[in-house]
Amino acid sequence: MTAALDVIAKALREGAKLLGSSGCQKNLAKDLANSNVSVQDVIKKFNTLSARPDSVQSTHGYNVFYAEMSTDPQAQQFMQTEKGKNAGAFIFGQDVMVRDNFFRARGGAKITPDPSRALALIHEAIHLAGLGDAYFGGSAKLNDIVIKACWSPLYSHKDLAIVGE
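Start counting the sequence shown at 346; every next residue gets the next number (the working numbering).
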């Protein structure tokens, strides 16, 4: 899990850098303008994300977990649904559960693996701040918003390296 922890840590650093950009903040603010969630709410939630190192037994203080290792029946059930099978990550309670798709980036994607993972975590931070996929018209549409706001207006959901099969 140490290699996985490194991947998550890198995605968190990259995501913080993207969210720290005034362009990303300005663009996201436009997309969130009619909601009850601000860009600052998203940044605050993103900045609380933390993955548990293997050396720590307690889960207290951590909120990013490897979904495939979860023994929770509800998490396991969600992962068997069509939506769950294709997810790179999903919200479970107040935690972010990352799936194998998060780590197994597909080759040939227009957005390389590290930024794809960072954008996925920003997507999840928006959920933690209080907005679900339905507010945006679906998960792919929320990905489009995050990508266009924080990466490039030329790309969309299908260009992510971590889109599920």
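Glycine included, each C-beta is placed from N, C-alpha and C at the ideal position. On a predicted model such as this, the values are computed, not experimentally measured, just so you know.
Bounding residues of the alpha helix (DSSP H) (the contiguous stretch that carries residue i)
i: residue 480; result: 478-481
i: residue 417; result: That residue, residue 417, is in no alpha helix (DSSP H); it is neither H nor E in DSSP.
i: residue 499; result: Where residue 499 is concerned, there is no enclosing alpha helix (DSSP H), given that its DSSP letter is neither H nor E.
Any chain B beta carbon closer than 8 angstroms to residue i
i: residue 405; result: Here there is only one protein chain, and chain B is not present.
Residue(s) in a DSSP beta bridge with residue i
i: residue 411; result: 443
i: residue 434; result: 443
i: residue 396; result: 409
Delimiting residues of the beta strand (DSSP E) encompassing residue i
i: residue 471; result: Looking at the DSSP string, residue 471 is not in any beta strand (DSSP E); the run it does join, the alpha helix (DSSP H), is 458-474.
Buried versus exposed, by CB contacts within 10 Å (16 or more), residue i
i: residue 520; result: The displayed coordinates of the chain run from 346 to 510. Any statement about residue 520 would go beyond what the structure contains.
i: residue 365; result: exposed
i: residue 503; result: exposed
i: residue 506; result: buried
i: residue 443; result: buried
i: residue 390; result: buried
i: residue 521; result: There is simply no residue 521 to check, as the chain begins at 346 and stops at 510 in what is shown.
i: residue 461; result: buried
i: residue 367; result: exposed
i: residue 499; result: exposed
i: residue 392; result: exposed
i: residue 348; result: exposed
Inset, instruction - Determine, using beta-carbon pairs with one atom in the region 391-407 and one in the region 485-493, whether at least three such pairs fall under 8 angstroms. - result: With the cut-off at 8 angstroms, the region 391-407 and the region 485-493 do not touch.
Inset, instruction - Count the CB pairs spanning the region 468-479 and the region 381-392 that are closer than 8 angstroms, and state whether there are at least three. - result: Yes: at least three Cβ pairs fall under 8 angstroms.
Legend entry - alpha helix (DSSP H) runs contained entirely in the region 366-393, provided each spans 4 or more residues: Runs of the alpha helix (DSSP H) lying entirely within the region 366-393, each at least 4 residues long, are 367-377 and 384-392 in chain order.
Inset, instruction - Determine contact between the region 409-420 and the region 364-380, defined as no fewer than three beta-carbon pairs at a distance below 8 angstroms. - result: With a cut-off of 8 angstroms, the region 364-380 and the region 409-420 do not count as touching, because too few Cβ pairs lie within range.
Inset, instruction - Specify whether the region 393-403 and the region 421-430 touch according to this definition: at least 3 beta carbon pairs, one from each stretch, less than 8 angstroms apart. - result: Result no; under three Cβ-Cβ pairs closer than 8 angstroms.
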